[in-house]
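Before any comments, here is the structure.
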Ligand SMILES: Cc1cc2nc3c(=O)[nH]c(=O)nc-3n(C[C@H](O)[C@H](O)[C@H](O)COP(=O)(O)O)c2cc1C
């Protein structure tokens, strides 16, 4: 999708500038043409030699090139590009863009650009939260510019919060989705998927787990991303190959509690959540600090209930959110799945029965039944990729009904 696309990348003076080298590499690998423009202050943060080498074009920064009177034509640059990306966008440059200041080549090019403009802000959490910055971002969005929102996490200042520039892979995914025709059904929607098993440690070397591979969750992640969604996968320990970080954010976790915490952190901002993970229902009350010795003929391990992630998110669910549960049953399948629908406040439950040949853990195929308030819908045995398409199609239809 990026092949032949012409991108102007405007780099400003933020610590996050170092990440743009990686973004340029990814874009070039995908076949895009990249022209870098830097603000004069940005030179303090990344050497132009790196960017010129990776983009295979000299970096531009000055209006006038040398003593000969040759100048960098910001108007031509603005007309050349299919998209102008300002990343990292400093608070200073955002303010100037919002108010039409034009004291460097990047800003002159921005004001001349007829192409779409995308902005990836980067700054400390208080700078980001400041009403001035927020107002400037709103003004820029009111001009029709695309916001690749800052992310939450550790900041260069040592503080933690919202302000980190989106990771290069996320920016790439955003751009790729932007340029992909006909795949925009879930564009801008955030999808959260839990996948794989969890491990509940008994002692430092032994744990309780199950045979989930995460393959169904990964197939869903791929399909949601193919429909334009911004996908995050909270993933338990598995040998299966996780989705590429270019089209899904992967949050690795080990225990049920870690999966709960990671899901909780993301859930509020999620549009569609899919709970495919096989989370341990119980966890040892205590983890033995040393490896347990085989001294006695019997042993008892006291287990306590883990948090039911789907149920907990069901309690927090807002009107616009869509939540999808998975049920793997061995008996009274439909009745149990319908119970989950109610108890966990789900929009629909995807049921697979261990009685069906080729369904469940470890197989590359699955046979599902979707259960919701409208009824019961049985599907044929299919590859997990095709099952993922059925589920995503169903989810999109539900989403449209919710939005209508
Ligand atoms: C070490 C250091 C890191 C900085 N990081 C950021 C940042 O991440 N975001 C930001 O808006 N400003 C940051 N600043 C402040 C900007 O560099 C400063 O406002 C500069 O004038 C912006 O210039 P420009 O927008 O023309 O590139 C930082 C300054 C220093 C010294």
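Residue numbers (UniProt numbering): 1 to 404.
The C-beta atom is built at its ideal place from N, Cα and C for all residues, glycine as well.
Contact set for residue i: own chain, Cβ-Cβ below 7 Å, skip 5 residues either direction
i: residue 281; result: 305 and 306
i: residue 141; result: 147
i: residue 13; result: 39, 41, 42, 44, 45 and 90
i: residue 279; result: 198, 256, 259, 306 and 309
i: residue 136; result: 94, 95 and 98
Host alpha helix (DSSP H) of residue i (start-end)
i: residue 53; result: 48 to 55
i: residue 110; result: 105 to 112
i: residue 387; result: 384 to 403
i: residue 20; result: 19 to 29
i: residue 221; result: 215 to 226
i: residue 337; result: 333 to 343
i: residue 131; result: 131 to 142
i: residue 264; result: 256 to 267
Backbone secondary structure at residue i - three-state DSSP
i: residue 379; result: coil
i: residue 160; result: strand
i: residue 81; result: coil
i: residue 317; result: coil
i: residue 34; result: strand
i: residue 231; result: strand
i: residue 372; result: strand
i: residue 348; result: strand
i: residue 208; result: strand
i: residue 92; result: helix
i: residue 287; result: coil
i: residue 312; result: helix
i: residue 200; result: strand
i: residue 191; result: strand
Whole-number beta carbon distance between residue j and residue i, since they are thought to touch under 8 Å
i: residue 309; j: residue 263; result: 5 Å
i: residue 1; j: residue 276; result: Not really, about 27 Å apart at Cβ, beyond 8 Å.
i: residue 77; j: residue 8; result: 6 Å
i: residue 319; j: residue 273; result: That pair is no contact at about 14 Å.
i: residue 222; j: residue 243; result: 6 Å
i: residue 79; j: residue 114; result: 6 Å
i: residue 315; j: residue 352; result: Not quite, the Cβ-Cβ distance comes to about 25 Å (not below 8 Å), so this is no contact.
Residue i, enclosing beta strand (DSSP E) - first and last residue
i: residue 123; result: That residue, residue 123, is in no beta strand (DSSP E); it is neither H nor E in DSSP.
i: residue 249; result: 249 to 252
i: residue 272; result: 272 to 275
i: residue 168; result: From DSSP, residue 168 is part of no beta strand (DSSP E) but of the alpha helix (DSSP H) over 168 to 178.
i: residue 328; result: 322 to 329
i: residue 151; result: 151 to 154
Cutoff 8 Å; reference residue i; Cβ partners in own chain excluding five residues on either side
i: residue 269; result: 190
i: residue 380; result: 367
i: residue 4; result: 31, 32 and 33
i: residue 364; result: 215, 383 and 384
Same chain, Cβ closer than 6 Å to residue i, neighbours up to 5 away in sequence not counted
i: residue 121; result: 89 and 150
i: residue 396; result: 185
i: residue 161; result: 125
i: residue 156; result: 15
Interface flag, residue i vs chain D, CB-CB below 8 Å
i: residue 87; result: Chain labels in this structure do not include chain D; a single protein chain is all it has.
Exercise. Pairing CB atoms from the region 194 to 207 with CB atoms from the region 232 to 242, are three or more of them under 8 Å?
Worked result: yes
For this session: Please confirm if the region 66 to 78 is in contact with the region 17 to 31, defined as three or more CB-CB distances below 8 Å between the two stretches.
Result: no
Problem set entry | Segment contact, 8 Å Cβ cut-off, at least three pairs: the region 285 to 296 with the region 322 to 337 | no
For this session: Please confirm if the region 5 to 25 is in contact with the region 77 to 96, defined as three or more CB-CB distances below 8 Å between the two stretches.
Result: yes
Problem set entry | Contact shell at 6 Å, judged by CB to any heavy atom of ligand 3, ordered along the chain | Although ligand 3 was asked about, the structure shown includes only ligand 1 as ligands.
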